[in-house]
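**Student:**
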Amino acid sequence: MIPSLDPNSSHPTMTDESLPLQGWVQGLRGNNHVQFLQLRTNGKILQVVCEKESLGEDLFKQIKSLPQETSLIVNGKWQENEKAPGGQELSLSSFTIVGASSDYPITPKEHGPDFLHNHRHLWLRSKRQLAIQRVRSELSFAIREFFRNDGYTLIDTPILTGSIGESAGTLFSTEYFDLGQAYLAQTGQLYLETAAFAHSKVYCFGPTFRAEKSKTKRHLTEFWMLEAETAFLGQNENLALQERFVKSVLKTTIERTKEDLKTLERDPLTLLQTLEKPFPRVEYGDAIQILKDAGENIEWGEDINAEREQILTTHFGTAIFIQNFPRAIKAFYMKQNPNDPRTVLSADLIAPDGIGEIIGGSEREESYDKIVERLKEEGLPPEDYFWYLDLRKYGSVPHAGFGMGLERVIAWVCGLPHIRECIPFPRMIYRLTP
Ligand code: 4AD
Ligand code: MG
């Protein structure tokens, strides 16, 4: 029988008898009588049993010396074996070599992270990496499903932009013909806001770029961000949407990647328990007080770094929103808080387990004059934002949105300490190759 490669399972199920299997030698082990060949096919690893008695001396010898990553077509018969992955294995009758391989650099011994990242193009074939990219694929799919089911329209925002989206500090720029500088998008938000005035409920999902000069476990220079923007939505409803969204897509992803999480030795139970709890909405000012009480030397007005975010999630024992940050440390487009003009109607969602901020969002400023004032304070020329400011001239409405970093959420689901394995080809200050 031949396995049907169900995308929801890491293992095959027997359905048909005839087709040969095509794949690569992931590994070989055994003895002088029987060899177990781990064949990677469609990203899944299957066990192929090769017995000397049925294959004969010559064929068996050839199999035993097959180098790692040789590509093959194998024929055989499926049989039950509760010790094999998925409870089935292929009993080999014949095989053909498609492409030879020799001295494959990634062996079953331990390699350092630098070596592995230098061989990222090959490392993608390893068992844990297969699992991580499948989690990414399922999470991305669940994100699109969520928004489609919720009545949101997908809007693809540009990557080359003429104005700064988030802040001047972390920009990649390039010469753009006779038009001066173009920037790589730090966010799709401003464009998404324009589309929210057309479609009311919109989202975008694509690569974003930040020239982050820091080497941290949670920063990439190219990362994927999901952003949603909703017209006629206020701060509280925006947080409710984020909470419903995060809980829904995480549960769906965990459900669909159980086998992969097992490979990653990630027991999703604690994560699922976190998802059962309401996410507390903590005022920025209260967060500062909690940190002070915990002995931290921090004052109102300062940003909250990763270590301090972890103190706060440990304090509450779950993911938390920190809301209403000081106006001066947040982006120009956030709405001034009518109850405390020193602050803006913003919130960050902080994940536990040292993952930190996974979402940044806010209600957007509706007042034309206030945005112009904030742009000037930030040294951004208001004339570059004429199109954004037009939204406040033609039917301005309350609206709100948020952006979620995909790789940080993958790290959370997979239980990984660093986000660099969460994207196929990570881009960091010190890495552009492969
Ligand atoms: O908080 P940020 O900067 O928010 C925005 O860009 C808004 N325009 C989003 C919006 O309201 N539409 O980024 C949003 C999220 C962060 O919470 C984090 O998860 C992720 O994007 N992120 C990064 N992930 C990896 N590497 C980086 N350098 C990141 N910078 C932000
Ligand atoms: Mg942020």
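Numbering (the UniProt record's numbering), first residue to last: 1 to 434. Even for Gly, the Cβ is constructed at its ideal location relative to N, Cα and C.
Taking Cβ to Cβ, would you say G317 is nearer than 9 Å to K292?
**Tutor:** Not in contact: G317 and K292 (Cβ atoms no closer than 9 Å).
**Student:** Do you know offhand how far H11's Cα is from G86's?
**Tutor:** Note on H11: pLDDT 44, under 50, position unreliable in the model; the coordinate value appears next. C-alpha separation (whole angstroms): 5 Å.
**Student:** So what's A231 in DSSP terms, helix, strand or just coil?
**Tutor:** Here A231 sits in strand by DSSP.
**Student:** Which ranges would you report for the alpha helix (DSSP H) in the region 16 to 57 if only whole runs of at least 4 residues count?
**Tutor:** As far as the region 16 to 57 is concerned, its whole alpha helix (DSSP H) runs of at least 4 residues are 52 to 55.
**Student:** Could you check the C-alpha separation between P3 and T107 for me, to the nearest Å?
**Tutor:** Residue placement at P3 is poorly supported in this model, since its pLDDT is 44, which falls under 50; the coordinates still yield a value, given next. Rounded to whole angstroms, P3 to T107 spans 27 Å at the Cα level.
**Student:** Quick check on the DSSP output: the beta strand (DSSP E) that includes Q273 runs from which residue to which?
**Tutor:** Taken as a continuous stretch (DSSP letters only), Q273 belongs to no beta strand (DSSP E), being part of the alpha helix (DSSP H) at 269 to 276.
**Student:** Which residue marks the beginning of the beta strand (DSSP E) containing N75, and which one marks its end?
**Tutor:** Residues 71 to 80.
**Student:** Counting only runs that start and end within the region 193 to 244, where is the beta strand (DSSP E) found for 3 or more residues in a row?
**Tutor:** The region 193 to 244 contains these whole beta strand (DSSP E) runs: 201 to 209, 222 to 231.
**Student:** My parser needs the beta strand (DSSP E) runs of 3 or more residues fully inside the region 109 to 185; what are they?
**Tutor:** Taking only runs of at least 3 residues, the beta strand (DSSP E) segments lying wholly in the region 109 to 185 are 173 to 175, 181 to 184.
**Student:** Enumerate in chain order the residues of its own chain whose CB-to-CB distance from S167 is below 7 Å, with the five nearest sequence positions on each side excluded.
**Tutor:** Taken in chain order, the residues that qualify are A331.
**Student:** State yes or no: is the C-beta of A331 nearer than 8 Å to some heavy atom of the ligand 4AD?
**Tutor:** Yes, Cβ of A331 sits closer than 8 Å to a heavy atom of the ligand 4AD.
**Student:** If you draw a straight line from the alpha carbon of N324 to that of I423, how long is it in whole angstroms?
**Tutor:** Those two C-alpha atoms are separated by around 31 Å.
**Student:** Specify, as a first and last residue, the run of the alpha helix (DSSP H) that R408 falls within.
**Tutor:** That run of the alpha helix (DSSP H) goes 406 to 414.
**Student:** So does E357 have its beta carbon nearer than 8 Å to some heavy atom of the ligand MG?
**Tutor:** Yes, Cβ of E357 sits closer than 8 Å to a heavy atom of the ligand MG.
**Student:** Note down the Cα distance separating I358 from F209, rounded to an integer number of angstroms.
**Tutor:** So the two alpha carbons sit approximately 16 Å from each other.
**Student:** Flag this pair as touching only if the region 157 to 175 and the region 204 to 221 have three or more C-beta atom pairs under 8 Å; answer yes or no.
**Tutor:** Segments in contact, yes.
**Student:** Using CA coordinates, which residue listed in C50, C414, R29, M428 is at the minimum distance from E255?
**Tutor:** Among C50, C414, R29, M428, the Cα nearest to that of E255 is on C414.
**Student:** Assuming L90 is part of the beta strand (DSSP E), what are its boundary residues?
**Tutor:** First-last of the beta strand (DSSP E) with L90: 88 to 99.
**Student:** Does the distance from the CB of L349 to the CB of A319 come in under 9 Å?
**Tutor:** Yes, Cβ-Cβ distance for L349 and A319 is below 9 Å.
**Student:** Could you spell out where the beta strand (DSSP E) holding residue 435 opens and where it closes?
**Tutor:** The chain is shown only over 1 to 434; residue 435 falls outside these bounds and no answer can be derived.
**Student:** Are L345 and Q235 closer than 9 Å when you measure CB to CB?
**Tutor:** It is a contact, given that the beta carbons lie within the stated cut-off.
**Student:** Contact between the region 375 to 395 and the region 217 to 229: three or more CB pairs below 8 Å?
**Tutor:** No: fewer than three Cβ pairs fall under 8 Å.
**Student:** Indicate whether the contact test is met: 3 or more Cβ pairs, each with one atom in the region 243 to 252 and one in the region 261 to 276, closer than 8 Å.
**Tutor:** These segments touch.
**Student:** Return helix, strand or coil for R431, following the three-state DSSP convention.
**Tutor:** In the structure shown, R431 sits in a strand (DSSP, three-state: E or B).
**Student:** Any heavy atom of the ligand 4AD closer than 8 Å to the beta-carbon of I45?
**Tutor:** Not under cutoff, so the answer is no.
**Student:** Is any heavy atom in the ligand 4AD found nearer than 8 Å to the beta carbon of D348?
**Tutor:** D348 Cβ: within cutoff of the ligand 4AD.
**Student:** If we ignore side chains and look at the alpha-carbon of each, how far apart do P338 and M404 end up?
**Tutor:** In a straight line, the C-alpha of P338 is about 26 Å away from that of M404.
**Student:** From which residue to which residue does the beta strand (DSSP E) around D353 run?
**Tutor:** Here D353 belongs to no beta strand (DSSP E), and DSSP marks it neither H nor E.
**Student:** For G128, tell me which candidate among L406, T257, P398 has the shortest Cα-Cα distance.
**Tutor:** In the sequence as presented, Gly is not what sits at residue 128; that position holds Arg. The shortest C-alpha separation from R128 is found at T257.
**Student:** Drop a sphere of 10 angstroms on the beta-carbon of L19, count the other beta-carbons inside from all chains shown, and report buried for 16 or more, exposed for fewer.
**Tutor:** By the neighbour-count rule (16 or more Cβ atoms within 10 Å), L19 is not buried but exposed.
**Student:** Taking 8 Å as the cut-off, is the CB of L220 close to at least one heavy atom of the ligand 4AD?
**Tutor:** For the ligand 4AD, at least one heavy atom lies less than 8 Å from the Cβ of L220.
**Student:** Going straight from the alpha carbon of G99 to that of E51, what length do you get?
**Tutor:** About 23 Å.
**Student:** Below 8 Å on the Cβ atoms is my guess for G401 versus E259; work out the distance and round it to an integer in Å.
**Tutor:** That pair is no contact at about 35 Å.
**Student:** What does the alpha-carbon distance come out to for the pair T343 and P326?
**Tutor:** In a straight line, the C-alpha of T343 is about 4 Å away from that of P326.
**Student:** Going by CA-CA distance only, name the one from H199, K201, E307, F245 that's closest to T216.
**Tutor:** T216 has its Cα closest to that of E307, out of H199, K201, E307, F245.
**Student:** Of the residues I164, L37, Q22, T153, which one's Cα is nearest the Cα of L375?
**Tutor:** Comparing Cα positions, the closest option is I164.
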